[in-house]
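Using this note's numbering, count along the sequence shown one by one with no gaps and you end on 908.
Even for Gly, the Cβ is constructed at its ideal location relative to N, Cα and C.
What follows is a short report on a single structure.
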Amino acid sequence: MKKLRVIMCLICGAMIFTTAQAQNKMTSTYPQNRNYSTYARKMAQLLDLINLYYVDTVNFDKLTEAGIVEVLKELDPHSVYISPEEVAAANEPLQGGFDGIGVSFQIIKDTINVIEVIVGGPSEKVGLMPGDKIVKVDSLDATGKQISNKWVQTHLRGKKGTKVPITVLRGRRGMLSFVITRDKIPMNSINVFCMLDSQTGYIRLERFAQNSNQEFIEAITKLKARGMENLIFDLRGNGGGYLNTAFNIADQFIKNGKMIVYTNNIHKNSESYRASSAGEFEKGKLIVLVDEGSASASEIVSGAVQDWDRGLIMGRRTFGKGLVQKPVELADKSQVRLTVSHYYTPTGRCIQKSYSDGLDSYFSDLQARSKHGEYFTADSIKFPDSLKFKTPQGRIVYGGGGIMPDIFIPLDTSKYSSLYAEFVRKGIVHGFIISYMEDHREALKEQYPTIEDFKNNFKVSDALYNDLVAYGKKEGVSDSVNFNFSARLNAFVAVNREKLDLLYRNLSDLSQTAALDSLMKTFVEKSYHEAEKLRNENRAPEFIKEYLKFEIARNIFNYGEAYQLFLMTDDVCQKALEAMHDDKLFKKFKVLSK
315 MKKLRVIMCL ICGAMIFTTA QAQNKMTSTY PQNRNYSTYA RKMAQLLDLI
365 NLYYVDTVNF DKLTEAGIVE VLKELDPHSV YISPEEVAAA NEPLQGGFDG
415 IGVSFQIIKD TINVIEVIVG GPSEKVGLMP GDKIVKVDSL DATGKQISNK
465 WVQTHLRGKK GTKVPITVLR GRRGMLSFVI TRDKIPMNSI NVFCMLDSQT
515 GYIRLERFAQ NSNQEFIEAI TKLKARGMEN LIFDLRGNGG GYLNTAFNIA
565 DQFIKNGKMI VYTNNIHKNS ESYRASSAGE FEKGKLIVLV DEGSASASEI
615 VSGAVQDWDR GLIMGRRTFG KGLVQKPVEL ADKSQVRLTV SHYYTPTGRC
665 IQKSYSDGLD SYFSDLQARS KHGEYFTADS IKFPDSLKFK TPQGRIVYGG
715 GGIMPDIFIP LDTSKYSSLY AEFVRKGIVH GFIISYMEDH REALKEQYPT
765 IEDFKNNFKV SDALYNDLVA YGKKEGVSDS VNFNFSARLN AFVAVNREKL
815 DLLYRNLSDL SQTAALDSLM KTFVEKSYHE AEKLRNENRA PEFIKEYLKF
865 EIARNIFNYG EAYQLFLMTD DVCQKALEAM HDDKLFKKFK VLSK
């Protein structure tokens with residue numbers, strides 16, 4: 315339960331926290347309760363009593379950790395305890411790097427397959443290639459059922475400067491041995507930036523990490539050199555990060571002296587952040603893309619852009635996380651990330667959604683939104699007048715439950731296919747690509763020297779697609795609809811419990827089967843049609859071909875360049891690009907772009 319809570323908090327944007335150096339020197343000018351010392355002694359007394367008198371041996375480490383977790387549960391959804399073993403892994407995505415060999419991999423059939431080799435990393439320097447199968451690490455066999463993601467990380471990661479010998483299987487060339495010197499591997503928060511047309515640039519930010527602002531400056535400088543005048547900034551699925559980084563990124567858009575965000579709490583030690591004279595994109599049309607996965611730091615940036623009428627917000631309502639965490643190291647190197655403030659957008663909005671109904675309700679809020687149709691129509695979202703605010707240009711914006719976009723774009727369920735998902739989930743495309751690229755890599759590189767050549771000219775032939783499908787069948791992809799009868803029946807009974815109880819009220823009613831037969835027939839037919847719709851077999855080939863083309867591009871170029879293929883069929887991105895050229899739309903929302 316402890317690990318699940320940590321994971322959920324990180325996923326849901328709990329990672330926006332301050333970066334003060336004196337993390338464990340917390341001070342307060344306003345104590346919570348004058349009787350605090352009594353409560354503290356009471357807790358200490360309990361531990362003393364257990365230590366002195368309890369009948370059996372007690373694991374105090376486990377007991378203390380469980381107690382901390384339960385206490386934090388009583389505060390808010392985003393105050394979280396992290397054990398000493400988990401601290402490094404939790405910090406890694408935000409600190410921007412780790413020591414290792416510089417590859418991304420996937421385990422297919424108990425074998426470590428190299429998917430991508432990081433440019434400039436230690437593996438590229440010695441000649442590792444995508445498609446290589448790692449079969450030995452040091453003297454250990456690296457194949458078999460014992461191989462897991464954790465096993466790979468344990469044996470391939472290590473201190474910078476240390477060496478690790480590996481053996482790979484490379485197609486017809488057979489076994490090859492390398493000795494790789496581990497080095498610092500960057501974890502970029504911006505992996506995708508490109509030009510969508512001659513004037514419009516695109517940047518996707520994955521998380522608000524230590525190096526994100528510098529990465530943003532580098533990306534936007536390169537795009538300006540290519541002629542960029544307008545920018546689509548993609549924060550979809552970005553769950554947050556450092557508060558200081560959010561402020562610095564927003565500063566790139568907001569003019570000098572304007573408030574970006576401020577924090578407040580009962581201790582009267584509020585802070586405010588105002589834009590500086592620096593700013594790489596204070597002029598030009600700006601569109602920020604958000605969705606229900608955009609949280610905390612993403613909401614600070616999109617809120618500031620919206621509140622100052624600097625750009626358009628497009629997509630779906632954001633998560634609604636307006637709490638700031640402070641990381642505090644405890645005696646055993648474990649860490650508590652304690653909520654210390656609410657943050658507010660420039661107009662005074664606190665976008666934190668309510669958590670008064672408990673943690674389960676809070677973390678299932680996204681499912682609840684889906685059930686009442688919020689992902690499909692903006693009309694299903696209701697804000698009370700008490701949460702209404704006005705921007706300087708007179709736009710109405712709302713607080714108390716995420717950032718509501720200016721232009722709502724519904725979720726397109728027609729682009730989902732459970733058949734396509736099965737191909738992805740089972741690693742079918744990855745497995746197929748490894749052998750395909752072994753025979754075609756050099757010819758494809760020669761035929762398509764740039765990503766633009768590949769984007770515009772490469773087509774997945776029917777023959778190539780049919781080969782992939784045949785490979786998928788061998789690997790267990792089913793031709794039929796996955797019905798999941800028992801799960802559907804359980805759901806049916808839960809919904810129709812009263813109707814079923816009325817149908818059979820006593821023993822004599824059991825002889826009447828016609829009504830039940832009719833009810834079950836309707837249920838089975840409806841369930842089958844729903845499953846067929848999810849299977850979406852008519853469009854599945856289209857989606858699978860798109861993914862296949864992406865994986866081929868990723869093997870020839872890199873992830874960032876290959877991602878441009880997805881943007882070509884991304885409805886939200888394409889609608890944003892269309893909106894970018896609609897001057898009337900920007901005037902309608904009174905957006906300041908000059």
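So what's residue i in DSSP terms, helix, strand or just coil?
i	result
SER804	It is Asn, not Ser, that sits at residue 804 in the sequence shown. Looking at ASN804 - three-state DSSP - the assignment turns out to be helix.
ILE276	For the chain, the structure presents residues 315 to 908; residue 276 sits outside this window and is missing.
ASN338	Annotation note: pLDDT 44 at ASN338 (below 50); position unreliable, no value reported.
LYS356	helix
PRO641	strand
SER437	helix
MET542	coil
ASP884	coil
HIS686	coil
ILE627	strand
GLN649	strand
TYR368	coil
Verify whether the separation of the beta carbon atoms of residue i and residue j is less than 7 Å.
i	j	result
ILE858	PHE737	yes
PRO444	VAL428	yes
ILE426	ILE494	no
GLU594	ILE534	yes
ILE717	SER616	yes
LEU652	VAL638	no
SER610	THR559	no
SER670	THR632	no
LEU386	SER393	yes
ILE721	MET628	yes
ASP831	ASP726	no
HIS686	SER678	no
GLU789	ILE742	yes
ILE870	LEU758	yes
SER612	LEU549	yes
GLN420	HIS744	yes
VAL905	LEU626	yes
ILE601	ALA890	yes
TYR676	PHE697	no
Please work out which residues of its chain come closer than 6 Å, Cβ to Cβ, to residue i, disregarding the five sequence neighbours upstream and downstream, and give them in chain order.
i	result
ARG484	ASP446 and LEU490
TYR587	PHE561, ILE574 and VAL575
ASN544	GLN513, THR514, GLY598, LYS599 and MET894
GLY636	HIS656, TYR657, CYS664, ILE665 and GLN666
LEU324	Confidence is the limiting factor: at LEU324 the pLDDT is only 39, short of 50, which leaves the residue's position unreliable, though a coordinate-based value still follows. Once the five neighbours on either side are set aside, LEU324 has no close Cβ partner at all.
ILE382	TYR395
Looking only at DSSP bridge pairs, what is residue i linked to?
i	result
CYS508	TYR516
MET489	LEU483
GLU585	THR577
LEU454	VAL451
LYS704	ILE710
LEU361	Bridge partners of LEU361: none, in fact.
VAL383	For VAL383, which the question treats as bridged, DSSP gives no partner whatsoever.
VAL478	ILE494
GLU430	SER418
LEU814	Answer is none; LEU814 lacks a bridge partner.
Spatial neighbours of residue i within its chain, please: CB distance less than 7 Å, with the 5 preceding and 5 following residues excluded, ordered by chain position.
i	result
ASN578	SER584, SER655, HIS656 and TYR658
ASP390	LEU637, THR653 and TYR669
Is residue i buried or exposed, if buried means 16 or more other CB atoms sit within 10 Å of its CB?
i	result
ALA808	exposed
LYS521	For the sequence presented, residue 521 should be read as Arg rather than Lys. Buried, because 16 or more other Cβ atoms sit within 10 Å of the Cβ of ARG521.
VAL369	exposed
ASN552	buried
ASN349	exposed
LYS813	exposed
ASP623	buried
VAL700	Sequence check: residue 700 is Ser here, not Val. It counts as exposed.
PHE374	exposed
ARG496	buried
LEU733	buried
ALA801	exposed
THR705	buried
GLN566	buried
GLU846	exposed
ALA403	exposed
If I measure Cβ to Cβ from residue i and keep anything under 8 Å in the same chain, skipping five residues before and after, which residues do I get?
i	result
SER933	The chain is shown only over 315 to 908; residue 933 falls outside these bounds and no answer can be derived.
PHE530	ILE504, ILE517, LEU519, ILE563, GLN566 and GLU594
At a Cβ threshold of 7 Å, is residue i touching chain C?
i	result
ALA403	Going by chain labels, chain C is absent from the structure shown, which holds only one protein chain.
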